[in-house]
Every structure is written in structure tokens, then in C-alpha cells.
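Enquirer:
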Amino acid sequence: VRGADVEQSPPALSLQEGASYTLRCNFSTSPQSVNWYLQNPGGHLIHLFYIPSGTKQDGRLKATTVPAERRSSLHISSPRPTDSGTYFCAAQHGAPQAPATSTRTLPGLSPSSSLSHTVRPHRAFAVLHVTHLHQDSFNHRYLLALQITDFGLYLPFLTCISFCTRNF
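Sequence positions in the sequence shown follow UniProt numbering and run 1 to 168.
#1: Indicate whether N40 and Q92 have their beta-carbon atoms separated by less than 9 Å.
#2: Return the bridge partner residues of D58 from the DSSP annotation.
#3: So that I know if they touch, is there some Cβ in chain C lying closer than 9 Å to that of F88?
#4: Return the CA-CA distance between F49 and K56, expressed in angstroms with no decimal places.
#5: Can the beta-carbon of S30 be found closer than 9 Å to that of P67?
#6: Tell me the residue span of the beta strand (DSSP E) that contains A91.
#7: Do E17 and S78 have their C-beta atoms closer together than 9 Å?
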């Protein structure tokens with residue numbers, strides 16, 4: 001069985017505090033549902049949205065999924081340093097594997113001096129089933145356990161509101 005393809009746009013992103021940005025995932029097949037996650041610089045994985053279709057908003061974050069158009073997006077209004085991290089879109093479907101890419105972005109740079117690093121595509125094998133531990137003051141759900149329960153694809157994005165020191 002061939003995995004579904006996913007396309008990330010924009011391929012690179014230079015963030016500035018106070019502006020608005022949209023991360024997009026386009027899929028080669030219609031997803032049954034999409035989950036958006038943030039892995040913060042400390043390594044904590046935070047579930048942002050579960051969205052089979054339509055639009056959901058939580059504060060400055062808004063996620064939209066249109067299965068018929070095979071796309072999902074995450075809109076970030078007025079980014080803050082606490083928004084730094086790797087963003088993942090996870091689409092539930094029946095394929096065993098699919099490519100994924102990661103984009104490193106640095107904030108506060110003019111478009112002509114933007115620094116970005118795109119990581120080579122790698123393989124993703126499963127959608128993550130999550131068990132929620134608790135909610136923090138921002139109503140984000142931290143994950144206690146991850147289990148491979150269904151096949152799917154994910155696409156990570158990395159955005160850094162403050163200086164990125166993580167090596168890829």
C-alpha cells in the first residue's frame with residue numbers, strides 16, 4: 001500500500017512578534033481527521049487541535065480542515081516566545097507511511113535577510129493516539145503517553161520566536 005503524500009507551505013517562514021502566520025498541510029488523499037501538535041523547545045508535546053472538518057479557535061490559534069480539498073491550516077496570530085517549537089499536523093488515514101519535512105525558522109528578520117533551514121524529508125509511520133495528562137493555564141493539553149494505534153502521516157513545522165539553538 002502506498003502512503004499518502006503531504007505538502008508543507010510555506011517551505012520557510014520568518015516570524016516577527018505581533019504579525020500573523022499560517023502553516024498549511026496539503027494531502028494527496030482526503031483525511032478523516034487532522035490533529036495539530038506543538039513540541040516546545042523543552043521537548044513537551046502539546047495537543048493543540050483535533051479537527052475532522054471546519055474551523056476551531058483557541059485564543060490566538062485557529063485551525064481549519066477541509067477534507068474535500070485535502071488541506072488543513074494552523075493560523076497563529078501575534079506570535080509570542082511561548083509559541084516557539086515544532087508544529088506537527090497529523091492526518092488520520094489508512095496509509096502505512098508518508099514523507100514529512102521540517103522547516104526551521106528564525107524570527108525578527110527582514111525577508112531579504114531571513115535565515116531558514118529545511119530538513120530532508122523522512123518517513124512517518126503512524127498517527128499518534130494520545131492520552132491527556134492535564135491542562136495548563138493556556139488550555140493546551142500535555143500528553144502523558146503516545147501509542148501507535150492507527151496508520152497515518154504527520155508533517156512537522158519548526159518555528160522559533162526566540163533564537164533557535166537546536167541542531168538538526
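Beta carbons are placed, not taken as given, at the ideal position from N, Cα and C, and that holds for glycine.
Expert: With the structure as the only source:
#1: Not closer than 9 Å, so no.
#2: Looking at the DSSP output, D58 bridges to L61.
#3: Included in the structure is just one protein chain, with no chain C present.
#4: In this structure, the straight-line span from the alpha carbon of F49 to that of K56 is close to 8 Å.
#5: In contact: S30 and P67 (Cβ atoms closer than 9 Å).
#6: Note, A91: beta strand (DSSP E), G85 to Q92.
#7: Remark: C-beta atoms of E17 and S78 approach each other more closely than 9 Å.
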